[in-house]
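In the working numbering, the protein residues as written are 1 to 407.
The beta-carbon is built from N, C-alpha and C at its ideal position, and this holds for glycine as well.
Predicted model only: the values in this text are computed from it and were never measured.
First the structure, in the form of structure tokens, and then the observations on it.
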Amino acid sequence: MDRPVTRDLSSELARWRSDTPGCAGLVHLNNAGAALMPRPVHEAILAHLSLEQELGGYEAADAQSQAIERAHAAVARLMEAEFRNIALVQNSTVAFAQAISAFDLGPGDIVLTSRADYASNQIMYLSLSRRRGVEIVRAPDALEGGVDPEAVRRLISRRRPALVALTWIPTNSGLVQPVEAVGRICREAEVPYLIDACQAVGQVPLNVDNLHCDYLSGTSRKFLRGPRGLGFLYVSDRALQSGAHPLLVDMHGADWTDADSFELRPDAGRFETWEFAYALVLGLGAAAEYALKVGVDTAGHRAYELADYARACLAALPGVRVLDRGPELCAIVTIAIAGRDTSDIKLLLRARGINTSSPHREDAVIDMDEKQTTSALRISPHYYNTREEIDTAVEAIREIVSDPSRR
Ligand SMILES: Cc1ncc(COP(=O)(O)O)c(C=O)c1O
1 MDRPVTRDLS SELARWRSDT PGCAGLVHLN NAGAALMPRP VHEAILAHLS
51 LEQELGGYEA ADAQSQAIER AHAAVARLME AEFRNIALVQ NSTVAFAQAI
101 SAFDLGPGDI VLTSRADYAS NQIMYLSLSR RRGVEIVRAP DALEGGVDPE
151 AVRRLISRRR PALVALTWIP TNSGLVQPVE AVGRICREAE VPYLIDACQA
201 VGQVPLNVDN LHCDYLSGTS RKFLRGPRGL GFLYVSDRAL QSGAHPLLVD
251 MHGADWTDAD SFELRPDAGR FETWEFAYAL VLGLGAAAEY ALKVGVDTAG
301 HRAYELADYA RACLAALPGV RVLDRGPELC AIVTIAIAGR DTSDIKLLLR
351 ARGINTSSPH REDAVIDMDE KQTTSALRIS PHYYNTREEI DTAVEAIREI
401 VSDPSRR
């Protein structure tokens, strides 16, 4: 992400914080887990639940059909995509799995991915290998970290994968993988390309055309600040026009036209299923509108700066090792603490009103083994956080780490 010239955001910051009631009592530095929802998101969800209570679930959805359409459109706008290319699904994992299931992968087919791909994605690849005989190839990293696009280019021309799948920002570190460069390579070679943008949406400006992807998965609850329990999938026109669809389509994705035939919807809705938590759809729409109003550029720039500040402060603490590496580092800061399991530290911080999280080896075996740690403390600020909150968290970590009775 380009870094624009810093401007004074104090009045915006005061508004963002007053829109976020949780800020009053918490230092919430777990936006990579689930961010604090701003007030309009919370209100949209509650209003629809009340309507369901008053009118009935189906009747409330009918009454709010236009608002539901606007919510869907806001998600599309956020990605600079068209309405017809966005499917709303239960979460990012489902979105990713729906996209993979559109490929009839079998013995001898290759899925080309990275060493840093998200744990659930890696498990899906391995499951495809176990059940379908698919070969999984992980492209090597560049020296500074993150997948090497030139290695991807060479592997594409040598091995001709059926699919390239890449996690933009893995969950367990600040690494930002070069998804745009890989996208250009996939497009030139006409190889389908799937991006997991789960941690990117809301902190990195996103334009699906620039990424040259066929599919892109995301979630509502992280840097986008929407509710838990909802995700989305971008499906390109290229994929739609080729007739791509998830392996198991339902009656929302297709019409059962005759005893032995079905007809697909023309749009990305073929990747959705019939039942929706409409309150959450409206909450997601409000989150997308809110992110557009703040500006993802502004949000990301500020979040990155807070993360840089946190990294610098934490690196100065005795016994603390900053784990993030890569040519670009985002708003996810990870540290290892000598001789300590970070789960305990996360809980001690939570008891002081400071939210962080603690990825373990199983969340990223390749990366964690390489960094020679079995756990990390993850600190993920967002634009509504402050430097003072980072100072509070760093000071608390310093105290906990240096307190011999806590060992
Ligand atoms: C990079 C990445 N991809 C995918 C996911 C899964 O998202 P969801 O829980 O919405 O399925 C996560 C969750 O942490 C993630 O960090």
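Problem - Ordered list of beta strand (DSSP E) runs contained in the region 110-194, each at least 3 residues - result: Segments of the beta strand (DSSP E) lying fully in the region 110-194: 110-114, 135-139, 163-167.
Practice task
Using only alpha-carbon positions, find the residue among Ala47, Gly226, Ala299 that is nearest to Ala286.
Solution key: The option with the nearest alpha carbon to Ala286 is Gly226.
Exercise for the section: Check Tyr384 in the structure and name its three-state DSSP category. Expected result: Secondary structure of Tyr384 (DSSP, three-state): coil.
Practice task
Identify, in the order they occur along the chain, each residue of the same chain with its Cβ nearer than 7 Å to the Cβ of Asn210, setting aside the five sequence neighbours on each side.
Solution key: Glu180
Practice task
State yes or no: is the C-beta of Gln98 nearer than 7 Å to some heavy atom of ligand 1?
Solution key: no
Practice task
Under 8 Å by Cβ, that's how I've got His245 and Leu264 pegged, so tell me the actual separation to the nearest angstrom.
Solution key: 5 Å
Exercise for the section: Check Ala254 in the structure and name its three-state DSSP category. Expected result: strand
Exercise for the section: Locate the beta strand (DSSP E) running through Ala331, then write down its first and last residues. Expected result: Run containing Ala331: none; DSSP gives neither H nor E here.
Practice task
Please state whether DSSP places Arg325 in a helix, a strand or coil.
Solution key: coil
Practice task
Compute the Euclidean distance between the alpha carbons of Val320 and Asp148, then round it to the nearest angstrom.
Solution key: 29 Å
Practice task
Assign Glu263 to one of three DSSP states: helix, strand, or coil.
Solution key: Strand.
Problem - Cβ-Cβ distance between Ser357 and Arg378 below 8 Å - result: yes
Exercise for the section: Would you check if the distance between the CB atom of Leu230 and the CB atom of Gln90 is smaller than 8 Å? Expected result: yes
Exercise for the section: Say whether the region 34-54 touches the region 337-353, bearing in mind that this needs 3 or more beta-carbon pairs closer than 8 Å, one atom from each stretch. Expected result: No, they do not touch.
Practice task
Run the proximity test for Asp297: is its beta-carbon closer than 7 Å to any non-hydrogen atom belonging to ligand 1?
Solution key: no
Problem - Where Val249 sits in the DSSP three-state scheme - result: coil
Handout entry: Under 8 Å between C-beta atoms of Gly218 and Cys198
Key = yes
Problem - Asp324 vs Ser173 beta-carbon contact at 8 Å - result: yes
Handout entry: Own chain, CB closer than 8 Å to Val75, minus 5 neighbours either side, in chain order
Key = Ile86, Leu88, Phe232, Leu284, Gly285, Ala288
Problem - Cβ pair Gly326, Gly146 closer than 8 Å - result: yes
Exercise for the section: Please look up how many angstroms separate the CB atoms of Pro161 and Val137, rounded, as I've assumed it's under 8 Å. Expected result: Between Val137 and Pro161 the Cβ distance is about 7 Å, and since that is below 8 Å, they are a contact.
Practice task
Please state whether DSSP places Asn91 in a helix, a strand or coil.
Solution key: coil
Exercise for the section: Mind reading off the beta-carbon distance from Asn355 to Leu13? Whole number of angstroms is fine, and I expect it under 8 Å. Expected result: Incorrect: roughly 19 Å between the Cβ atoms, too far for contact.
Handout entry: Beta carbon proximity, Gly269 to chain D, threshold 8 Å
Key = No chain D appears in this structure, which consists of one protein chain only.
Practice task
Using only the heavy atoms of ligand 1, determine whether one of them is closer than 7 Å to the beta carbon of Asp324.
Solution key: no
Exercise for the section: Determine the closest residue to Thr113 out of Thr167, Ala67, Gly133, Arg159, with distance taken between C-alpha atoms. Expected result: Thr167
Practice task
For Ala336, write down the residues that DSSP places opposite it in a beta bridge.
Solution key: Arg321
Practice task
Use the C-beta contact count for Leu304: other C-beta atoms within 10 angstroms, 16 or more gives buried, fewer gives exposed.
Solution key: In the sequence as displayed, the identity of residue 304 is Tyr instead of Leu. It is buried - the Cβ of Tyr304 has at least 16 other Cβ atoms within 10 Å.
Problem - 8 Å contact criterion, which Pro359 and Leu306 should meet: CB distance rounded - result: Actually they are not in contact, since the Cβ atoms of Pro359 and Leu306 sit about 19 Å apart, beyond 8 Å.
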